[in-house]
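Okay, structure first, notes after.
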Amino acid sequence: MPEVDATRVGAMGGSQGGGLTLACAALEPRIQRAAPVFPFLSDYQRVWEMDQAKDAYMELHEWFRRFDPLHEREEALFTQLGYIDVQHLAPRIQADVQMAVGLMDTVCPPSTQFAAYNKITSPKDLRIYHDYRHENLPGNSDATFQFMMGL
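Heads up: the sequence shown begins at 1110 in the numbering used here, then just goes up one per residue.
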């Protein structure tokens, strides 16, 4: 698209969109800024070990119930999920990143989000909402738009 200035491209999204924001930024080096909010698709095994496989991660329970009730292929499953786990893509991100997390989030547990954030090596900033869950984070949309104005 000739009308797009390729030096001014960013990505932003929340939950699954947050996970996809990280994936896009990792896989497309022309993305200059990324603003994920409580990203999903990170650290599946930790979610399982914490017994938090509900809501966004409920499919883990369903998979075991339908395909591996004795957990004989558990290790193989988590190895396969590792191929799409954004924490493993995070080191490839070259964009500046501004991420937001609610510390009371039970849909996408904060520790799984930190697994991705801690592996980002490009310039980054983390907005921590101590008393918020997987919900609207007051002021974060404005902060994201200000961040993106730097493009």
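Virtual Cβ for every residue (Gly too), placed ideally from N, Cα, C.
When you measure from the CB of residue i to every non-hydrogen atom of the ligand MN, does any distance come out below 7 Å?
i, result
"Leu1129", "Looking for the ligand MN in the displayed structure turns up nothing, as the structure carries no ligands at all."
Please report how far the alpha carbon of residue i lies from the alpha carbon of residue j, in whole angstroms.
i, j, result
"Val1118", "Gly1211", "26 Å"
"Ala1165", "Phe1223", "17 Å"
"Arg1182", "Asp1240", "38 Å"
"Val1156", "Phe1256", "30 Å"
"Asp1205", "Pro1178", "43 Å"
Does DSSP put residue i in a helix, in a strand, or in coil?
i, result
"Gln1255", "helix"
"Leu1235", "strand"
"Gly1191", "helix"
What first and last residue would you give for the beta strand (DSSP E) that runs through residue i?
i, result
"Val1146", "Arg1142 to Val1146"
Would you give the residue range spanned by the alpha helix (DSSP H) that residue i belongs to?
i, result
"Ala1135", "Gln1125 to Leu1136"
"Val1156", "Tyr1153 to Glu1158"
Compute the beta-carbon to beta-carbon distance between residue i and residue j, rounded to the nearest angstrom, for a pair I have assumed lies under 8 Å.
i, j, result
"Gln1141", "Thr1116", "7 Å"
Between the options, which has its C-alpha nearest residue i's C-alpha?
i, options, result
"Lys1228", "Ala1120, Leu1169, Ala1135 and Met1121", "Ala1135"
"Gln1203", "Val1113, Glu1137 and Gly1127", "Glu1137"
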